[in-house]
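Undergrad: The sequence shown begins at 5 in our numbering and counts up by one.
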Amino acid sequence: MLRIGSLLVVVIVILWYILALVKASGEVRKTMACSIDVLKRSLSDWRHNFRNLFLFLAFLSATILILTGFLFYLLLGKPLAGIALLLHVAIAPIFAISMVACLITQAYSHRFNGGDWVLLKKWLETKKMVPEAKAFGFLQKVLFWPLVFCATLLTSIILTMYPVFGTMGQEFLLNVHRFSAVCFFASALFLIYIIIVTTQPPSHKVTKKHKKPL
5 MLRIGSLLVV VIVILWYILA LVKASGEVRK TMACSIDVLK RSLSDWRHNF RNLFLFLAFL
65 SATILILTGF LFYLLLGKPL AGIALLLHVA IAPIFAISMV ACLITQAYSH RFNGGDWVLL
125 KKWLETKKMV PEAKAFGFLQ KVLFWPLVFC ATLLTSIILT MYPVFGTMGQ EFLLNVHRFS
185 AVCFFASALF LIYIIIVTTQ PPSHKVTKKH KKPL
């Protein structure tokens, strides 16, 4: 039942994500160009390099973990084994360290403030659409913390390596690991989509030169 439900969630999220990216194809191209410009400007700043390095490692390791985990359990209905299991276990520490580094560097900018609570209260009371920029900024914060929480739950699989829990306890921890992986996958896709949509390329203003009067 967990496998069927997880597979259904993954398929729905992927289909929505593809349709949303196709609809926002213009914003995606602008965001990619903007990201390249920002990356070039930040090469001289070690702080940006540090943050971008761990963001890249977290994204890459999460992609490998999702592919190796979902490919066997959701699609084939088999437990991890062989090279896929070795790769999954080897990449997991890199993912954990990268997520901790991302939490340290991103937590402050994703904290909730008074304006967010006023925005939420206004939306609950009036049911009216709020300004798009503020709404996306609030949603980005909302999705960031479940992402961190799910990443923390993913480490529950480590407890199965110790002789503390019985068979039922280990099965429960394994299901927690699987369910949190699905939630992490969905939250990550939604968060990446919001970042893509809300990231705007720097505007270049063209100034007209006025001729001096003779």
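C-beta atoms are modelled at their ideal positions from N, C-alpha and C, and glycine is treated no differently. Please read all numbers here as calculations on a predicted model, not as lab measurements.
Please report the residue range of the alpha helix (DSSP H) in which Pro97 lies.
TA: 86–110 is the extent of the alpha helix (DSSP H) around Pro97.
Undergrad: Can you give me the C-alpha to C-alpha distance between Val186 and Val13, rounded to a whole angstrom?
TA: Roughly 8 Å separates the two Cα atoms.
Undergrad: Got a sec, what are the start and stop residues for the alpha helix (DSSP H) Leu124 sits in?
TA: Leu124 -> alpha helix (DSSP H) spans 118–130.
Undergrad: With burial defined as no fewer than 16 other Cβ atoms inside 10 Å of the residue's Cβ, what is the status of Gly73: buried or exposed?
TA: Gly73 comes out buried.
Undergrad: Using the rule of at least 16 other Cβ atoms within 10 Å of the residue's Cβ for burial, across every protein chain shown, is Ala111 buried or exposed?
TA: Exposed: under 16 other Cβ atoms inside 10 Å.
Undergrad: Could you work out which residue in Trp149, His181, Met172, Asn179 is closest to Cys194 when comparing CA atoms only?
TA: Checking the displayed sequence, the identity of residue 194 turns out to be Phe instead of Cys. Among Trp149, His181, Met172, Asn179, the Cα nearest to that of Phe194 belongs to Trp149.
Undergrad: So for Pro83, helix, strand or coil by DSSP?
TA: Residue state, collapsed to three classes: coil.
Undergrad: From Ser113 to Met103, what distance separates their C-alpha atoms?
TA: Those two C-alpha atoms are separated by around 15 Å.
Undergrad: Whose CA, out of Arg182, His181, Gly141, lies closest to the CA of Ile199?
TA: The residue with the shortest Cα to Cα distance from Ile199 is Gly141.
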